[in-house]
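Here the protein sequences come in this chain order: A and P.
Counting from 1, position 42 in the first sequence corresponds to residue 42 in full-length UniProt numbering; the numbering is continuous, with no gaps.
Counting from 1, position 132 in the second sequence corresponds to residue 132 in full-length UniProt numbering; the numbering is continuous, with no gaps.
Every residue gets a Cβ at the ideal spot worked out from N, C-alpha and C, and that includes glycine.
Worksheet for the structure shown next.
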Amino acid sequence: MFKKFSSEDVSSQNQVKASVQRKIRQSIAEEYPGLEPVLDDLLPKKAPLIVAKCQNHLNLVLVNSVPLFFNIRDGPYMPTLRLLHQYPDIMKKLQVDRGAIKFVLAGANIMCPGLTSPGGALDDEVEAETPVAIMAEGKQHALAIGFTKMSAKDMAINKGIGVDNMHYLNDGLWKMERLE
Amino acid sequence: MAEKPQAVKVLYCPICSLPAEYCEFGPDFEKCKPWLINNAPDLYPHLLKEADERDASKVSEQLQSVGISSAADVAASSSQPGDASSSKQEEVKRLPGGKIKKKEKQEVVIEKVVRNRRKCITIMKGLDLFGIKLSDASKKLGKKFATGASVVKGPTEKEQIDVQGDIAYDIVEFITETWPAVPETAIFFIEDGKKVPAA
Numbered sequence: 001m002f003k004k005f006s007s008e009d010v011s012s013q014n015q016v017k018a019s020v021q022r023k024i025r026q027s028i029a030e031e032y033p034g035l036e037p038v039l040d041d042l043l044p045k046k047a048p049l050i051v052a053k054c055q056n057h058l059n060l061v062l063v064n065s066v067p068l069f070f071n072i073r074d075g076p077y078m079p080t081l082r083l084l085h086q087y088p089d090i091m092k093k094l095q096v097d098r099g100a101i102k103f104v105l106a107g108a109n110i111m112c113p114g115l116t117s118p119g120g121a122l123d124d125e126v127e128a129e130t131p132v133a134i135m136a137e138g139k140q141h142a143l144a145i146g147f148t149k150m151s152a153k154d155m156a157i158n159k160g161i162g163v164d165n166m167h168y169l170n171d172g173l174w175k176m177e178r179l180e
Numbered sequence: 001m002a003e004k005p006q007a008v009k010v011l012y013c014p015i016c017s018l019p020a021e022y023c024e025f026g027p028d029f030e031k032c033k034p035w036l037i038n039n040a041p042d043l044y045p046h047l048l049k050e051a052d053e054r055d056a057s058k059v060s061e062q063l064q065s066v067g068i069s070s071a072a073d074v075a076a077s078s079s080q081p082g083d084a085s086s087s088k089q090e091e092v093k094r095l096p097g098g099k100i101k102k103k104e105k106q107e108v109v110i111e112k113v114v115r116n117r118r119k120c121i122t123i124m125k126g127l128d129l130f131g132i133k134l135s136d137a138s139k140k141l142g143k144k145f146a147t148g149a150s151v152v153k154g155p156t157e158k159e160q161i162d163v164q165g166d167i168a169y170d171i172v173e174f175i176t177e178t179w180p181a182v183p184e185t186a187i188f189f190i191e192d193g194k195k196v197p198a199a
């Protein structure tokens with residue numbers, strides 16, 4: 001989704017009101033309970049939280065010019081991969097097999113066979129429409145962040161797109177470590 | 001609940017900006033290899049072996065060539081592998097610098113193109129290789145020769161300056177006077193093949 005993304009795609013950057021900031025913090029805390037103790041370090045209450053609005057109804061949450069979370073159209077907030085690498089356990093993980101790695105790194109969505117074949121792993125509790133971390137077979141760090149299209153149980157049976165690839169390594173958002 | 005989760009420090013490759021284990025999927029694994037061997041040897045153990053093998057074969061080659069040939073040949077062959085390795089190192093050094101310059105020889109090429117039967121255009125290519133701003137250059141040219149000059153984009157990224165009229169033989173002097181960075185030897189005319197400068 002961030003295949004082509006640069007600072008020119010950002011239409012506006014605004015510092016948000018404290019009430020909005022509280023709402024964002026709350027929704028992030030709900031979505032990622034594992035992040036709660038560290039939430040104060042990542043999103044301090046006193047620090048100005050900036051939301052950058054970009055094309056395709058995309059909002060980026062920035063703290064100190066560093067993008068931390070993003071969401072589309074008031075959907076759930078998803079962390080950037082850099083943040084996920086630092087705190088890997090906040091999201092459920094789905095693993096794809098080796099052959100899929102280079103396609104995912106080119107922005108492809110993840111098909112069910114990639115998760116069900118030997119080399120792939122499914123976490124049975126995962127529901128549809130949730131953000132998940134995509135790991136790769138044999139690698140320690142997350143490869144991408146996706147949004148499930150169907151629940152894990154459905155993925156085991158079906159073929160077709162299982163997880164939408166939202167953000168992957170070396171995409172536009174990964175390359176943008178800071179946004180002025 | 002668990003303690004405060006500590007931030008995990010991830011080793012990112014400075015060349016492809018990916019976590020070290022993903023370098024093989026990055027844009028240029030070859031460039032990452034030397035860095036990987038130094039900083040993350042445990043991720044790619046076969047790389048270490050490869051590098052060792054390569055060095056071992058090079059050393060054995062050198063030994064062989066030194067042993068077989070005579071004194072005169074020794075000088076030549078020992079310089080050859082030396083050259084090969086140093087040029088390889090040079091290549092390796094150049095590319096990570098960011099810009100992959102494909103051996104751009106610094107030269108200015110001047111060409112004359114006929115526009116109507118009487119009128120022609122003088123095209124100058126290669127001024128920007130000397131660090132000259134083309135927009136300033138074209139203004140100066142136009143003023144000096146009292147004619148129109150413009151910067152035109154060629155079919156590739158290369159840009160050239162078009163000056164109306166035939167100013168070929170004044171141009172060499174003008175260039176060398178205004179921009180002393182350009183030596184006369186670097187200016188070429190096109191007359192069915194490049195010619196040495198000063199007409």
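{"Item": "Would you call the stretch 161 to 168 of chain A in contact with the stretch 90 to 109 of chain A, where contact means no fewer than 3 C-beta pairs closer than 8 Å?", "Value": "yes"}
{"Item": "So who's on the other strand from L49 of chain A, going by DSSP bridges?", "Value": "A:V63"}
{"Item": "Which word fits I110 of chain P, buried or exposed, when buried means at least 16 other C-beta atoms lie within 10 angstroms of its C-beta?", "Value": "buried"}
{"Item": "Does the stretch 66 to 84 of chain A come close enough to the stretch 139 to 146 of chain A to have 3 or more Cβ pairs within less than 8 Å?", "Value": "yes"}
{"Item": "Any Cβ of chain A within less than 8 Å of the Cβ of E30 of chain P?", "Value": "no"}
{"Item": "Around the Cβ of V114 of chain P, are there at least 16 other Cβ atoms within 10 angstroms (buried) or fewer (exposed)?", "Value": "exposed"}
{"Item": "With 8 Å set as the bound, which would you pick, yes or no: does the beta-carbon of E90 of chain P sit closer than that to a beta-carbon of chain A?", "Value": "Interpretation of E90 of chain P is limited by its pLDDT of 42, a score under 50 that renders its predicted location unreliable; the figure taken from the coordinates is listed afterwards. E90 of chain P does not count as touching chain A."}
{"Item": "Note down, in chain order, every chain P residue with its Cβ under 8 Å from the Cβ of P131 of chain A.", "Value": "Ordered by position in chain P, no residue passes the 8 Å Cβ test against P131 of chain A, which lies about 18 Å from the chain."}
{"Item": "Would V20 of chain A be called buried (16 or more neighbouring beta carbons within 10 Å of its own) or exposed?", "Value": "exposed"}
{"Item": "Under 8 Å between beta-carbons, which chain A residues line up against L18 of chain P? List them in chain order, please.", "Value": "L169, N170"}
{"Item": "Are the beta-carbon atoms of L94 of chain A and I134 of chain A separated by less than 8 Å?", "Value": "yes"}
{"Item": "Any beta-carbon of chain P closer than 8 Å to the one on I101 of chain A?", "Value": "yes"}
{"Item": "Along the beta strand (DSSP E) that carries T122 of chain P, what are the first and last residues, could you check?", "Value": "120 to 125"}
{"Item": "With H, G and I counted as helix, E and B as strand and the rest as coil, what does DSSP make of I187 of chain P?", "Value": "strand"}
{"Item": "Which residues of the stretch 77 to 92 of chain A have a Cβ closer than 7 Å to any Cβ of chain P? Give them in chain order.", "Value": "H85, Q86, Y87, P88, D89"}
{"Item": "Per DSSP, what are the beta-bridge partners of P79 of chain A in this structure?", "Value": "A:F69"}
{"Item": "L60 of chain A and I72 of chain A: beta carbons closer than 8 Å?", "Value": "no"}
{"Item": "Could you please give the first and the last residue of the uninterrupted beta strand (DSSP E) stretch that includes F147 of chain A?", "Value": "142 to 148"}
{"Item": "If you compare alpha carbons, which of P:C13, P:Q164, P:K140 is closest to F174 of chain P?", "Value": "P:K140"}
{"Item": "Going along chain A, which residues have a C-beta under 8 Å from G26 of chain P?", "Value": "N170"}
{"Item": "I'd like to know if the stretch 184 to 191 of chain P and the stretch 131 to 140 of chain P are in contact, where contact means that at least 3 CB-CB pairs between them fall below 8 Å.", "Value": "no"}
{"Item": "Going by DSSP, what residue range makes up the beta strand (DSSP E) through Q13 of chain A?", "Value": "10 to 15"}
{"Item": "Taking the alpha helix (DSSP H) that L173 of chain A belongs to, which residues open and close that run?", "Value": "172 to 175"}
{"Item": "Which residues in chain P sit within 9 Å of K175 of chain A, going by Cβ to Cβ distance?", "Value": "S17"}
{"Item": "For chain P, check one thing: does any of its Cβ atoms lie closer than 8 Å to the Cβ of F5 of chain A?", "Value": "no"}
{"Item": "Examine chain P for any beta-carbon lying closer than 8 Å to the beta-carbon of Q95 of chain A, and answer yes or no.", "Value": "no"}
{"Item": "Residues of chain A with CB under 8 Å from residue 252 of chain P, in chain order?", "Value": "Coverage of chain P is limited to positions 1 through 199, which leaves residue 252 of chain P absent and any answer about it impossible."}
{"Item": "So, A100 of chain A versus I110 of chain A, is the Cβ gap smaller than 8 Å?", "Value": "yes"}
{"Item": "Quick check on this structure: which residue in A:C112, A:A18, A:Y32 has the alpha carbon closest to the alpha carbon of G162 of chain A?", "Value": "A:C112"}
{"Item": "Specify, as a first and last residue, the run of the beta strand (DSSP E) that Q160 of chain P falls within.", "Value": "159 to 164"}
{"Item": "So, at 7 Å on beta carbons, what are the nonlocal neighbours of K195 of chain P in its own chain, with the 5 sequence-adjacent residues on each side left out?", "Value": "F188, F189"}
{"Item": "So, using beta-carbon positions, are E137 of chain A and S65 of chain A closer together than 8 Å?", "Value": "no"}
{"Item": "Would you mind stating whether K149 of chain A and A128 of chain A have Cβ atoms separated by less than 8 Å?", "Value": "yes"}
{"Item": "Would you please verify whether the beta carbon of K139 of chain A is less than 8 Å from any beta carbon of chain P?", "Value": "yes"}
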